[in-house]
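Every position in the sequence shown, counted from 1, becomes a number in our numbering once 28 is added.
The beta-carbon is built from N, C-alpha and C at its ideal position, and this holds for glycine as well.
Note that this is a predicted model, so its numbers are computed, not measured.
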Amino acid sequence: MKYYSLKIKSFNPEIKDELSDGPKIYPSANGEKISNSNGYLSVGGKFGKIFFEKTVDDAPIFDYFYLYNLTYQKEYDWILLDAYSYIGQNVPSCRGFLVSEKLKRLLEKFDISEPFRFYESRLMFKGKKLKYYIFHLAQNEWENLIFNECEYFEINSSDSLKKIPLQISNSKEFKALFKQYKGKTSKLNWKLTIKNYSDIFYMPFIEKGGYIISETLKNEIIKNDLIDFEIEELENVKFKIKSA
29 MKYYSLKIKS FNPEIKDELS DGPKIYPSAN GEKISNSNGY LSVGGKFGKI
79 FFEKTVDDAP IFDYFYLYNL TYQKEYDWIL LDAYSYIGQN VPSCRGFLVS
129 EKLKRLLEKF DISEPFRFYE SRLMFKGKKL KYYIFHLAQN EWENLIFNEC
179 EYFEINSSDS LKKIPLQISN SKEFKALFKQ YKGKTSKLNW KLTIKNYSDI
229 FYMPFIEKGG YIISETLKNE IIKNDLIDFE IEELENVKFK IKSA
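Structure, rendered in structure tokens:
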């Protein structure tokens, strides 16, 4: 079963910036103008109620995010995308993105790692408030990983695999193995066993780690012309589902 890394694009190389010879950087969602965050979002170094593994079910409609361009250092809503990263104050400290209604509906057709939430929000674009959502992935990835059933291999110069005789039993040891090989000529190959199947989940400290999606979801993202993402196959990481 193939899996892929998913990242929000920071720019389109075909769109040139007016102020330089480089590409025009996509804007991010800034929450500084949200007037009703009421402690749910993070401000000034103080974390809000929406926080990594902590979800809420009584959030208000966050009104409103605006688009900020870091290159121009100002509000700049020059392009409407289906997913934005966050910048500035009054934003959620959690894994996920600010997503459009279209992307929310697509994701809801798939198995999303539990727990997750979509918090309704508003995004100001060209003088109009549009319905967007804070997509919150709150799963603890280490609780989903079955450490004693995972295997690790070193990829040698001939691209053959040599099993590493190592028993990893916790996240600290897992991270240490990744850091040991990071930046070295020899690379790691992971065969990881997880408890539950998901079409989208989060897995750090692997090659191309971060947001991980299934091939089925990848195909639907492409089919629906959601061009906001960079998608790469995880060539050296395989996932086995224990519940399958």
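Close beta carbons around residue i, own chain, < 8 Å, minus the five adjacent residues each side
| i | result |
| --- | --- |
| H164 | I78, T83, P120, C122, R123, G124, F144, R145, F146 and Y147 |
| K215 | E182, I183, Y209, E235 and N264 |
| G238 | S33, L34, K35, Y230, M231 and P232 |
Short Cβ contact (9 Å threshold) for residue i with residue j
| i | j | result |
| --- | --- | --- |
| Y31 | I241 | yes |
| K219 | K266 | yes |
| L245 | I228 | yes |
| S128 | Y160 | yes |
| E260 | L134 | no |
Element boundaries [beta strand (DSSP E), containing residue i]
| i | result |
| --- | --- |
| F93 | F90 to N97 |
| F267 | V265 to I269 |
| L158 | K156 to L165 |
| K238 | Reading off the sequence, residue 238 comes out as Gly, not Lys. Element bounds for G238: G238 to S242. |
| R150 | F144 to F153 |
Other residues of its chain near residue i: CB distance less than 7 Å, five sequence neighbours each side excluded
| i | result |
| --- | --- |
| L131 | D110, A111 and L254 |
| N40 | P51 |
| K61 | Y92 and Y94 |
| L173 | L220 and I222 |
DSSP-derived helix/strand/coil call for residue i
| i | result |
| --- | --- |
| I250 | helix |
| F233 | coil |
| K74 | strand |
| E177 | helix |
| A204 | helix |
| Y104 | coil |
Boundaries of the alpha helix (DSSP H) in which residue i is found, first to last residue
| i | result |
| --- | --- |
| W170 | E169 to N172 |
| A57 | Note, A57: premise wrong, no alpha helix (DSSP H); beta strand (DSSP E) at S56 to N58. |
| L129 | First, the residue type needs correcting, since residue 129 is Glu and not Leu in the sequence shown. That run of the alpha helix (DSSP H) goes E129 to L135. |
Residues near residue i in its chain [Cβ-Cβ closer than 6 Å; skip 5 each side]
| i | result |
| --- | --- |
| K35 | E258 |
| S199 | W170 |
| K157 | Y92 and R150 |
| Y100 | none |
| N176 | none |
Distance between beta carbons of residue j and residue i, contact taken as under 8 Å
| i | j | result |
| --- | --- | --- |
| G76 | Y96 | The pair is not a contact, with the Cβ atoms about 19 Å apart (cut-off 8 Å). |
| L98 | S56 | 7 Å |
| Q167 | E201 | Not really, about 20 Å apart at Cβ, beyond 8 Å. |
| N64 | F90 | 7 Å |
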